[in-house]
Amino acid sequence: DAGVIQSPRHEVTEMGQEVTLRCKPISGHNSLFWYRQTMMRGLELLIYFNNNVPIDDSGMPEDRFSAKMPNASFSTLKIQPSEPRDSAVYFCASTLMESDTQYFGPGTRLTVL
Amino acid sequence: SQKIEQNSEALNIQEGKTATLTCNYTNYSPAYLQWYRQDPGRGPVFLLLIRENEKEKRKERLKVTFDTTLKQSLFHITASQPADSATYLCALTASGGSYIPTFGRGTSLIVHP
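Protein sequence lines, in the order shown, are assigned to chains A and B.
Taking my numbering, the leading residue of the first sequence gets 6, the next gets one more, and so forth.
Taking my numbering, the leading residue of the second sequence gets 46, the next gets one more, and so forth.
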């Protein structure tokens, strides 16, 4: 198995632009998580899905952030408009629902100038 | 409020020694605790899980203890090697139904040859 796949690996954009991050979970996993990691705040859960349905988005910082999971093999995290404070590494993780362990992708390093 | 604390200062040790990392928590009734390893530019990778009714868990050179009275977990790497150098994150899952972990900010371990 290829593991969790994220794209792009690096994204540099200018303030105000729309950014879309992509994630392909491990085949057969039915829970998907989006995290953001910064030096100041560590690894923060933004949103998670069970069976493609958003369950808890209380970690999404504001309305500029949105996430979708149109099918079991694909999810997107969108930031519109982006701001410099959104600069961070964004991780996607997947697991079997109610499993103990999460499997993380390699992350997308986002820089907003 | 709920807190997970890991030492923010890097732990520097000599090859062959035992590394001990600490994870303290407050205001949690834990179901289980996990330890993950994170290398630069990569996502966290699961290492070990210990449940609240377990005192100790071992896997090869790794050992985890869990003291729910002290509200602390210790993570040990015996006979440490330079390849063990990484950031180690603890993640706590509270009892009460949710299986979603909350991550600490991690401690960097540097093993010198």
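Every residue gets a Cβ at the ideal spot worked out from N, C-alpha and C, and that includes glycine.
#1: Measuring only between beta-carbons, confirm whether D105 of chain A sits less than 7 Å from chain B.
#2: Go ahead and label Q42 of chain A buried or exposed: buried means 16 or more other beta carbons lie within 10 angstroms of its beta carbon, across all protein chains shown.
#3: Determine which residues share a DSSP beta bridge with G47 of chain A and list them.
#4: Let me see if you follow: with CB-CB separation under 7 Å, is Y133 of chain B close to chain A or not?
#5: Around the C-beta of D68 of chain A, are 16 or more other C-beta atoms found within 10 angstroms, so that it is buried, or is it exposed?
#6: Which residues bound the beta strand (DSSP E) around Q79 of chain B?
#7: With a 10 Å radius around its C-beta and 16 neighbouring C-beta atoms as the bar for buried, classify K29 of chain A as buried or exposed.
#8: For L66 of chain B and H157 of chain B, what's the separation of their Cα atoms in angstroms?
#9: Just to make sure I have the definition right: I need the residues of chain B whose C-beta is within less than 8 Å of the C-beta of F79 of chain A. Which are they?
#10: Could you tell me the alpha carbon to alpha carbon distance between R87 of chain B and A76 of chain B, rounded to whole angstroms?
#11: Using beta-carbon positions only, say whether K104 of chain B and L93 of chain B come within less than 7 Å of one another.
#12: Looking at the unbroken beta strand (DSSP E) that takes in E101 of chain B, where does it start and where does it end?
#13: Note down, in chain order, every chain B residue with its Cβ under 7 Å from the Cβ of L37 of chain A.
#14: Among residues of its own chain, excluding the 5 on either side of R27 of chain A, which ones have a beta-carbon nearer than 6 Å to its beta-carbon?
The short version:
#1: To locate residue 105 of chain A, count along the first sequence from 1; it is residue 100. True, the Cβ-Cβ gap to chain B drops below 7 Å.
#2: Within the first sequence, numbered from 1, the residue matching residue 42 of chain A stands at position 37. Buried, since its Cβ has 16 or more Cβ neighbours within 10 Å.
#3: Numbered from its first residue, the first sequence carries residue 47 of chain A at position 42. G47 of chain A is bridged to A:T43.
#4: On the second sequence, residue 133 of chain B is found 88 positions in, with the first residue counted as 1. No, Y133 of chain B lies away from the interface with chain A (no Cβ there is under 7 Å from its Cβ).
#5: Sequence index remark: in the first sequence, residue 68 of chain A carries index 63 (1-based). Result: exposed.
#6: Sequence index remark: in the second sequence, residue 79 of chain B carries index 34 (1-based). Residues P75 to Q83.
#7: Position 24 of the first sequence, counted from the first residue, corresponds to residue 29 of chain A. So K29 of chain A counts as buried.
#8: As a first step, residue 66 of chain B is located in the second sequence; it is residue number 21 there, counting from the start. As a first step, residue 157 of chain B is located in the second sequence; it is residue number 112 there, counting from the start. Using only the alpha carbons, I get a separation of about 16 Å.
#9: Working through the first sequence from its first residue, we reach residue 79 of chain A at position 74. Within 8 Å Cβ-Cβ: nothing; F79 of chain A doesn't reach chain B, min ~18 Å.
#10: Along the second sequence, read from residue 1 onward, the residue named residue 87 of chain B stands at position 42. Along the second sequence, read from residue 1 onward, the residue named residue 76 of chain B stands at position 31. Cα to Cα, R87 of chain B sits roughly 27 Å from A76 of chain B.
#11: Walking along the second sequence from the start, residue 104 of chain B turns up at place 59. Walking along the second sequence from the start, residue 93 of chain B turns up at place 48. Contact flag set, yes.
#12: Numbered from its first residue, the second sequence carries residue 101 of chain B at position 56. Its beta strand (DSSP E) spans residues E101 to K104.
#13: Numbered from 1 along the first sequence, position 32 holds the residue referred to as residue 37 of chain A. Under the 7 Å cutoff, chain B gives no residues; its nearest Cβ is about 12 Å from L37 of chain A.
#14: The sequence position of residue 27 of chain A within the first sequence is 22, counting from 1. Result list for R27 of chain A: S12 and T81, in chain order.
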